[in-house]
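*Asks:* Right, I'll just put the structure down here and ask away after.
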Amino acid sequence: MEHIFDVSGGPGGKAFLLVGKDKSALMDCGMAYCAADLIDNIKQILGSRELNYILISHSHYDHIGAIPYLRREWPGVRVLGAEYAQRILNRPSALKTIRELSTQAALLFDGPELPPYDDAALKVDVIIKDGDELDLGGVHMEVIKTGGHTQCSLSFLINNDTLFASESTGYMSESGVVYPSFIISCADAIESIRICRNLHPRSIISPHYGLVREADTADYWGNCLLAIRKTQKFILDSAAQSYDEAWIIREYERLFRDDDSRREQPTQAFRLNAQNMINNLLRESSGDKWRLNSG
Ligand SMILES: [Zn+2]
């Protein structure tokens with residue numbers, strides 16, 4: 124683990140720096156409002172060396188918000204992500220949502236006001252896909268497609284030993300509880316857990332948490348699966364009892380949102396994710412039969 128550093132600039136989004144003999148790469152970069160602290164943390168490790176790559180696990184604001192500020196600091200840096208992430212970041216509506224959520228996060232976390240940035244800087248320069256490999260000089264990375272959270276979700280296997288798991292598999296909160304995070308497909312998220320588990324990584328980096336403690340590593344994938352099953356059951360049972368979408372979202376928030384989640388995620392982002400997750404699960408589970416009227 125001597126080549127992996129947690130350089131996160133603040134709560135809500137994590138960033139991990141990989142340092143090889145020749146190149147360096149950041150895995151995710153966290154939220155926009157903490158870019159200054161993130162850059163300081165990276166510089167403490169890299170010194171005068173360049174940051175060469177930013178690998179994004181997916182295109183959500185809390186994983187990529189700091190990209191424009193990193194480009195200003197290291198103009199040669201290349202952003203690597205899935206083809207679908209590249210497409211999303213070309214959409215003005217997505218860039219608008221990212222800006223809104225980034226601004227709200229700055230308020231929630233009492234951070235500084237968002238320094239100005241150019242939307243055009245939020246883009247993927249190089250497309251990466253399942254099986255692609257990257258050599259940083261003594262540090263080897265492999266890209267693993269792990270859908271379920273978004274269509275562009277990727278995990279990164281480092282030196283065949285440590286897995287930076289995408290949010291599709293879930294994530295651990297500060298208190299050690301594992302949360303599900305299957306927004307677009309529950310089935311894909313379960314498949315992603317199977318893929319990750321079969322890689323048998325010795326160490327796991329949970330996307331919003333960091334390095335999972337050794338004592339929790341053996342049970343990690345099982346806990347991810349349990350978290351999904353519990354949420355899935357609640358949503359399907361509620362729909363079977365004919366509760367409408369608004370009720371399910373409200374109840375879901377009441378039952379599943381705890382202090383950790385309130386600390387780490389703005390309400391609008393939580394509700395947006397919950398709404399998409401519930402709608403997509405119902406559609407996926409029973410076709411149009413369960414599709415709810417969201418109007
Ligand atoms: Zn996300």
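Each step along the sequence shown adds one to the number in my numbering, with nothing skipped, and position 269 is 392. Glycine included, each C-beta is placed from N, C-alpha and C at the ideal position.
Spatial neighbours of Arg385 within its chain, please: CB distance less than 6 angstroms, with the 5 preceding and 5 following residues excluded, ordered by chain position.
*Replies:* Contacts found: none.
*Asks:* Counting beta carbon pairs with one atom in the stretch 172-190 and one in the stretch 145-154, are three or more of them shorter than 8 angstroms?
*Replies:* Short answer: they touch.
*Asks:* Is it the case that the Cβ atoms of Tyr302 and Ala350 are separated by a distance below 7 angstroms?
*Replies:* Yes, they are a contact pair.
*Asks:* Span of the beta strand (DSSP E) holding Leu257?
*Replies:* Unbroken beta strand (DSSP E) run through Leu257: 256-258.
*Asks:* Going by DSSP, what residue range makes up the alpha helix (DSSP H) through His186?
*Replies:* Start and end: 184-187.
*Asks:* Which residues mark the beginning and the end of the alpha helix (DSSP H) in which Tyr192 is found?
*Replies:* 190-196 is the extent of the alpha helix (DSSP H) around Tyr192.
*Asks:* Who are the near neighbours of Asn403 in its chain, counting only those whose CB is closer than 6 angstroms to its CB and skipping five residues on each side?
*Replies:* Around Asn403: Ile307.
*Asks:* Using the three-state DSSP reduction, which class does Ile179 fall into: helix, strand or coil?
*Replies:* Ile179 falls in the coil class under three-state DSSP.
*Asks:* For Asp258, count neighbouring Cβ atoms within 10 angstroms of its own Cβ and tell me buried if that reaches 16, exposed if not.
*Replies:* Answer is exposed; the Cβ neighbour count stays below 16.
*Asks:* What residues in its chain sit with their C-beta under 8 angstroms from that of Leu218, if we drop five residues either side in the sequence?
*Replies:* Cβ neighbours of Leu218 beyond the five flanking positions: Leu212, Asp242, Leu245.
*Asks:* Would you grab the beta carbon distance between Thr285 and Arg325 for me? Rounded to a whole angstrom, and I think it's under 8 angstroms.
*Replies:* With 8 angstroms as the limit, Thr285 and Arg325 qualify as a contact, their Cβ atoms being about 7 angstroms apart.
*Asks:* Tell me the DSSP secondary structure of Ser289 in three-state form.
*Replies:* It is coil, neither helix nor strand.
*Asks:* Do Leu141 and Val130 have their CB atoms nearer than 7 angstroms?
*Replies:* The answer is no: Cβ separation not under 7 angstroms.
*Asks:* Give me whichever residues DSSP pairs with Leu277 in a beta bridge.
*Replies:* Note: Leu277 sits in a beta bridge opposite Lys268.
*Asks:* Please find out if some non-hydrogen atom of ligand 1 comes closer than 6 angstroms to the beta-carbon of Glu290.
*Replies:* Under cutoff, so the answer is yes.
*Asks:* Between Glu236 and the rest of its own chain, which residues show a CB-CB distance below 7 angstroms, the 5 nearest in sequence each way excluded?
*Replies:* Around Glu236: Ala229.
*Asks:* Among the residues of its own chain, which have a CB less than 6 angstroms from the CB of Tyr375, if the five just before and after it don't count?
*Replies:* Excluding positions up to five away in sequence, the list reads Ala397.
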